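In our numbering, the protein residues as written are 1 to 194.
Put into structure tokens, the structure is as follows:
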């Protein structure tokens with residue numbers, strides 16, 4: 001995946017509230033908006049489905065940061081697509097989760113991840129800090145979504161995928177969905193500590 005430099009450097013037009021919020025911070029083009037969000041810390045917002053909280057709270061996740069950029073792209077008439085994918089999360093592609101997975105005897109967990117597509121190129125502006133030894137370049141599932149779908153829709157799709165995955169995996173033994181979801185939450189907490 002590429003990062004914010006792959007975004008278009010289109011000047012921001014005062015076309016809506018999202019653009020106004022960026023322009024008020026001295027950000028004048030779309031690529032600069034991506035760079036700005038890239039530099040903000042990774043962390044859940046007070047309402048994880050409200051991407052508008054990223055700027056006032058000064059932090060965000062893959063969902064909220066990319067949804068905010070997708071909303072900005074829509075205001076600017078840029079062909080940027082918010083995408084939801086599920087990938088095999090492990091230490092090599094998501095540094096920080098390995099210690100948690102190892103504690104539970106897991107090699108990976110299917111994780112939902114939001115990113116952008118521009119001119120067919122997948123773009124992830126949230127990857128920073130510890131560099132992975134492997135990119136996230138293979139998805140078990142992908143679909144285009146709209147910013148309003150980063151809340152309940154994303155969680156429900158991810159949980160449905162995990163339930164099916166647990167049912168298909170003998171290696172998980174008798175682990176319940178609740179146990180696997182708890183392990184997943186520990187992995188996300190570990191990422192926030194990076």
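Glycine included, C-beta positions come from ideal geometry on N, C-alpha and C.
This one's a predicted model, so the numbers in the text were calculated from it and none came from an experiment.
Contact check, residue 110 vs residue 161, beta carbons under 8 Å: The residue labelled residue 110 in the question sits at position 110 within the chain shown. The residue labelled residue 161 in the question sits at position 161 within the chain shown. Yes; because the gap between Cβ atoms is below 8 Å, this pair is in contact.
Boundaries of the beta strand (DSSP E) in which residue 117 is found, first to last residue: Here residue 117 is taken as the residue at index 117 of the chain shown, counted from 1. Start and end: 109-118.
Residue 135 in three-state terms, based on DSSP: In the chain shown, counting from the first residue as 1, residue 135 sits at position 135. DSSP places residue 135 in coil when its eight states are reduced to three.
Whole-angstrom distance between residue 125 and residue 184, CA atom to CA atom: Sequence index remark: in the chain shown, residue 184 carries index 184 (1-based). Sequence index remark: in the chain shown, residue 125 carries index 125 (1-based). So the alpha carbons of these two residues sit roughly 22 Å apart.
N- and C-terminal bounds of the alpha helix (DSSP H) containing residue 18: Looking up residue 18 in the chain shown gives position 18. Where residue 18 is concerned, the enclosing alpha helix (DSSP H) stretches over 17-23.
Residue from 69, 38, 168 and 64 whose Cα sits closest to the Cα of residue 30: Within the chain shown, residue 30 is the residue found at index 30, counting from 1. Considering only alpha carbons, the answer is 69.
Among 34, 36, 37 and 61, nearest to residue 45 - alpha-carbon criterion: On the chain shown, residue 45 is found 45 positions in, with the first residue counted as 1. Ranking 34, 36, 37 and 61 by Cα distance to residue 45 puts 61 first.
C-beta neighbour in chain D for residue 92, strict 8 Å: The structure shown contains no chain D; it holds only a single protein chain.
Distance CB(residue 32)-CB(residue 76) smaller than 8 Å: Position 32 of the chain shown, counted from the start, is the residue given in the question as residue 32. Position 76 of the chain shown, counted from the start, is the residue given in the question as residue 76. No, these two residues do not count as a Cβ contact at 8 Å.
Residues that DSSP places opposite residue 2 in a beta bridge: Reading the chain shown from its first residue, position 2 is the one you call residue 2. Answer by DSSP bridge pairing, in chain order: 123.
Cβ pair count under 8 Å reaching 3, the segment 8-26 against the segment 100-117: no
Rounded C-alpha distance that separates residue 122 from residue 175: In the chain shown, residue 122 corresponds to position 122, counting from 1. In the chain shown, residue 175 corresponds to position 175, counting from 1. Their Cα atoms are separated by approximately 33 Å.
Residue 35 versus 72, 177 and 7, residue with shortest Cα-Cα distance: Numbered from its first residue, the chain shown carries residue 35 at position 35. Taking only the C-alpha atoms, the option nearest residue 35 is 7.
Under the three-state DSSP convention, the category residue 147 falls into: Your numbering for residue 147 matches position 147 in the chain shown. Correct three-state label for residue 147: helix.
8 Å Cβ cutoff met for residue 134 and residue 108: Looking up residue 134 in the chain shown gives position 134. Looking up residue 108 in the chain shown gives position 108. For residue 134 and residue 108, no; Cβs fall outside 8 Å.
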